[in-house]
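Chemist: Sharing a structure with you now.
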Amino acid sequence: MVPPAKRKAYNGQKLKPIIKLLRSRELGASQYIDTGQIPESSSKFPFVWQRRSLNPGHRNKIFACQWITNNYIVYGTKCNNLVLYDCTSNESFDIPLIKAESPDVSHINPCACGIHSIQLNTSKTFLATGGDNVNHIGVYKLSEFSPHCLLCDCHNDWVFDLRWLDDTCIASCSRDSSLALWRIPSPTEYSSNDNELHRSTRSTSNSSVLISDVLLDMLCH
1 MVPPAKRKAY
11 NGQKLKPIIK
21 LLRSRELGAS
31 QYIDTGQIPE
41 SSSKFPFVWQ
51 RRSLNPGHRN
61 KIFACQWITN
71 NYIVYGTKCN
81 NLVLYDCTSN
91 ESFDIPLIKA
101 ESPDVSHINP
111 CACGIHSIQL
121 NTSKTFLATG
131 GDNVNHIGVY
141 KLSEFSPHCL
151 LCDCHNDWVF
161 DLRWLDDTCI
171 ASCSRDSSLA
181 LWRIPSPTEY
191 SSNDNELHRS
201 TRSTSNSSVL
211 ISDVLLDMLC
221 H
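Each residue of the sequence shown is one higher than the last, beginning at 1 in our numbering.
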């Protein structure tokens, strides 16, 4: 086995990995990075990576994507399609969006903005994204992509972004300038009927208490 080559010196300084150099620049480092400080192997990265274009077919622009495993990606389009893509076989599978039991009369334009966010929780047990109604949020159980719950009755306009705070708590923001915090029901809470789709709503009376509890919990940890 050939031992790794030692880093060369540049003006008396050891060469730094390109990742560390870029990270320091992102954090506000004002130091100028000379090309001589970058290892030669870094310039070969684009040749090592194999770029491959994805043709979404008759779908519109891709707005959001999320790796599920090393071989599978989920992406959302402007035309409100949620698609599972297999990188090894180049096959695509449409995932049905979660619908509300009763249609929302305020939901005038059914596919006006598309899917802007797809987020996987830390333990990779839930995936959150837009619902069939662009004002709603659908949560799927992984790895079977079965509908788990629908988050609604809060936003009155398009949902633009989602962020998991922990495995069961997610924040959402909308074009109507509203920010919501949701607690996802665990599967054990509904063990009586595994096929039931659970509909979660924002509780006006408990929302402030819930947000305070979550923020306090985050600060303590």
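Where is the CB? At the ideal position from N, CA and C, for every residue including glycine.
If you're wondering where the values come from, they're calculated on a predicted model, not measured in any experiment.
Taking 8 Å as the CB-CB limit, is residue 135 close to chain C?
Modeler: Although the question refers to chain C, the structure presented lacks it and comprises just one protein chain.
Chemist: Quick check on the burial criterion: 16 or more other C-beta atoms within 10 angstroms. Buried or exposed for residue 174?
Modeler: For this step, residue 174 is matched to residue 174 along the sequence shown. Result: buried.
Chemist: Which residue wins for smallest C-alpha separation from residue 142, given the options 156, 157, 119?
Modeler: As a first step, residue 142 must be located in the sequence shown, where it is residue number 142. When each option's Cα is compared against that of residue 142, the closest is 119.
Chemist: Could you check the C-alpha separation between residue 145 and residue 92 for me, to the nearest Å?
Modeler: Against the sequence shown, residue 145 aligns to sequence position 145. Against the sequence shown, residue 92 aligns to sequence position 92. Answer to the nearest angstrom: the Cα atoms are 14 Å apart.
Chemist: By DSSP, does residue 78 sit in helix, in strand, or in coil?
Modeler: Locating residue 78 in the sequence shown gives position 78, where the first residue counts as 1. Residue 78 falls in the coil class under three-state DSSP.
Chemist: Where does residue 89 land, buried or exposed, given buried means 16+ other C-beta within 10 angstroms?
Modeler: For this step, residue 89 is matched to residue 89 along the sequence shown. Result: exposed.
Chemist: Just the C-alpha distance for residue 57 and residue 152, rounded to the nearest angstrom, thanks.
Modeler: Translated into positions along the sequence shown, residue 57 becomes position 57. Translated into positions along the sequence shown, residue 152 becomes position 152. Approximately 31 Å between the Cα atoms of the pair.
Chemist: Taking only runs of the beta strand (DSSP E) that begin and end inside the stretch 90-167, which ones reach a length of at least 3 residues, in chain order?
Modeler: Listed in chain order, the complete beta strand (DSSP E) runs (minimum 3 residues) inside the stretch 90-167 are 91-95, 118-120, 126-130, 137-141, 146-152, 159-164.
Chemist: What does a CB cutoff of less than 7 Å around residue 194 pick up in its chain, not counting 5 residues either side in sequence?
Modeler: The sequence position of residue 194 within the sequence shown is 194, counting from 1. The predicted model places residue 194 with a pLDDT of 42, which falls under 50 and marks its position as unreliable, so this point remains unresolved.
Chemist: Can you tell me which of 95, 166, 167, 162 puts its alpha carbon nearest to the alpha carbon of residue 179?
Modeler: As a first step, residue 179 is located in the sequence shown; it is residue number 179 there, counting from the start. Nearest option by C-alpha distance: 162.
Chemist: Do residue 164 and residue 121 have their beta-carbon atoms positioned less than 8 Å apart in this structure?
Modeler: As a first step, residue 121 must be located in the sequence shown, where it is residue number 121. As a first step, residue 164 must be located in the sequence shown, where it is residue number 164. Yes, the pair counts as a contact, with Cβ atoms nearer than the cut-off.
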